[in-house]
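The structure under discussion appears below in the form of structure tokens.
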Amino acid sequence: MGDKYYVAKRPPMGWNSWDCYGASVTEEILLGNAQYMAENLERFGWEYIICDIQWYEPLADSHEYHKFTELEMDEHSRLIPAVNRFPSSAGGKGFKPIADKIHDMGLKFGIHIMRGIPRQAVHRNTPILGTDATARQIAHPASICLWNTDMYGVDAKAEGAQEYYNSLFKMYAEWGVDYVKVDDIARVDCGPDAPGAGFSEIELIKNAIENCGREMVLSLSPGPARVEQKDFLLTNANMWRMTDDFWDKWEHLYGMFERCHAWQGIGCKDHWPDCDMLPLGHLCVCNNENGKQGHYTHFTHDEQKILMTLWCIFRSPLMFGGEMRDNDEFTKSLLTNEKLLNMHKNGRKARQVERKDDVVAWKSISKDEKIYIAIFNISDSKRKYKLKLKDFGLPKSKKYDAIEIWTNVSETLENGKRFELAPHTVVCYEIEASEMLK
């Protein structure tokens, strides 16, 4: 976005409603979670409250989508909040009342949108603000989402296409939106070579943000985006997904190590490859699962530590997915670990040092003179690991005082130190860089 001001100088941190409420989020839920964040997490760097998909659908009630359902829309082909779910939006106020309350808490507000223009706007051939073109004239009917029926793609070459997106983001700016997650736009099958490519709409959206008068983070979903598309993504977005939807399944977490390795070294100020949300805490609250409201994450405590360590050393955006008001002490501890979050906030040059027999080692150097060493056992068996300091850029003749960030226990690290790691566990050490000079 601009060279002088970074809207995402560091990877954004916040909460997104999808993992816990799917399409069914309401005003009360947004504000309740915002209050929790303001009281418990804001001082640790958590600041975004993101309203995910279907906020414009009156009947949305779960993680399932209703095909060809009626959506709330204004006279200019723009989707607006469903008043029955967001009562303060009545009278054309949109999300401004909610955004104002969230801003008053010291937080920032974001929304999810689907790329394209509503099918119902195209079928009714409704007008577009700022142009004589109509919805039907800018639609790309062959460019459709494979899992949601709400939208047609926009033909980026059509007269009125840019004006349509300009009108959307002008409205979002008036509401006070700080972050927009655009869906059905970053995956391989939406890429530049795909029929009806969504990538052409990314440039329209970027232009619209730059001309709307308000700074906004642009997040692209879902993945996987391709590493060979990095130059386009670095130019046009603040965040882009490296993966399809990430859930609390071990195979998803295991697979993320390969993705992080492929994307290492590419993230930089304002531009962050995104591992996706953190499916932790109380999830799928809107779903009936064996007579209960959702479930708590299926990841073990150790697997949750693996997840948080990888996301933080890699410097992925952090978007918590659970109902925060139901957090237990362990879940809260994951989000308030200051050494972990310092690694995320200040880490640089993160890279995978080694992977052998599913023991994976990563290194990061922070700008506040700390070195982080993370050793993961992602196999299903016990594994041994021998520390080779030179692999981490440390003189092997020295010993280093270190703190293990999950136990907060001080240890001495020296060349040849041996670790025995249980399956699905991690250790992560913080070393003062000044130690290198002793």
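The sequence shown lines up with residues 1 to 438 when you count with UniProt numbering.
For each residue, glycine too, the CB sits at the ideal point set by N, CA and C.
Keep in mind that this is a model prediction, so the values were computed, not measured.
{"Check": "CA-to-CA distance, F419 to K170, given in whole angstroms", "Outcome": "56 angstroms"}
{"Check": "Where F68 falls, given that 16 or more other Cβ within 10 Å makes a residue buried", "Outcome": "exposed"}
{"Check": "Cβ shell of F320 (< 8 angstroms), same chain only, five flanking positions each side left out", "Outcome": "G14, W15, N16, W46, M277, L278, L280, G281, L335"}
{"Check": "Nearest-angstrom beta carbon gap, Q137 and A156 [assumed within contact, 8 angstroms]", "Outcome": "Wrong, their Cβ atoms sit about 13 angstroms apart, outside the cutoff."}
{"Check": "Helix, strand or coil at Q120 according to DSSP, with G and I counted as helix", "Outcome": "helix"}
{"Check": "According to DSSP, residues forming a beta bridge with A402", "Outcome": "E411, I431"}
{"Check": "Counted within 10 angstroms of its Cβ, other Cβ atoms place D193 as buried (16 or more) or exposed", "Outcome": "With a pLDDT of 47 at D193, under the threshold of 50, the modelled position of that residue is not reliable, and no figure is offered here."}
{"Check": "Where the alpha helix (DSSP H) through K367 begins and ends", "Outcome": "Unbroken run through K367: none, as it is neither H nor E."}
{"Check": "Nearest residue (CA-CA) to Q264, options I306, N290, K363", "Outcome": "K363"}
{"Check": "Nearest-angstrom beta carbon gap, M324 and Y65 [assumed within contact, 8 angstroms]", "Outcome": "With a Cβ gap of about 25 angstroms, Y65 and M324 do not count as contacting."}
{"Check": "N- and C-terminal bounds of the alpha helix (DSSP H) containing S143", "Outcome": "Taken as a continuous stretch (DSSP letters only), S143 belongs to no alpha helix (DSSP H), being part of the beta strand (DSSP E) at 139-144."}
{"Check": "Distance, S143 Cα to G196 Cα", "Outcome": "In this prediction, G196 scores a pLDDT of 41, lower than 50, which makes its location untrustworthy; no coordinate-derived value is stated."}
{"Check": "E57, DSSP secondary structure in three states", "Outcome": "coil"}
{"Check": "Pair within 8 angstroms by beta-carbon distance, Q352 and H424", "Outcome": "no"}
{"Check": "A23 beta carbon near the ligand SAH (any heavy atom closer than 7 angstroms)", "Outcome": "This structure simply doesn't include the ligand SAH, nor any ligand for that matter."}
{"Check": "W55 vs I102 beta-carbon contact at 8 angstroms", "Outcome": "no"}
{"Check": "Span of the beta strand (DSSP E), counted from its first residue to its last, around N288", "Outcome": "282-289"}
{"Check": "Contact the region 284-302 vs the region 340-359: 3+ CB pairs below 8 angstroms", "Outcome": "no"}
{"Check": "Where G213 falls, given that 16 or more other Cβ within 10 Å makes a residue buried", "Outcome": "exposed"}
{"Check": "Reference E238, options F86, E210, F257, closest by Cα", "Outcome": "The residue asked about is misnamed: residue 238 is Asn in this sequence, not Glu. Nearest option by C-alpha distance: E210."}
{"Check": "Spatial distance of E258 from V83 (CA atoms)", "Outcome": "43 angstroms"}
{"Check": "CB contact flag (S167, L129, <8 angstroms)", "Outcome": "yes"}
{"Check": "Classification of F314 by the beta-carbon crowding that lies within 10 angstroms, buried from 16 upward", "Outcome": "buried"}
{"Check": "Which listed residue (C286, E369, A374, K292) has its alpha carbon closest to that of L307", "Outcome": "A374"}
{"Check": "Local conformation of K356 per DSSP, three classes", "Outcome": "strand"}
{"Check": "Beta-carbon proximity list for S410, same chain, < 6 angstroms, skipping 5 on both sides", "Outcome": "I403"}
{"Check": "Distance CB(F95)-CB(P81) smaller than 8 angstroms", "Outcome": "yes"}
{"Check": "Nonlocal neighbours in the same chain, by C-beta distance under 8 angstroms from E163, ignoring five residues either side", "Outcome": "I128, L129, G130, T131, A133"}
{"Check": "Runs of beta strand (DSSP E) wholly within the region 242-285 (minimum 3 residues, chain order)", "Outcome": "272-274"}
{"Check": "Short Cβ contact (8 angstroms threshold) for K332 with N40", "Outcome": "yes"}
{"Check": "Where the alpha helix (DSSP H) containing F330 begins and where it ends", "Outcome": "329-335"}
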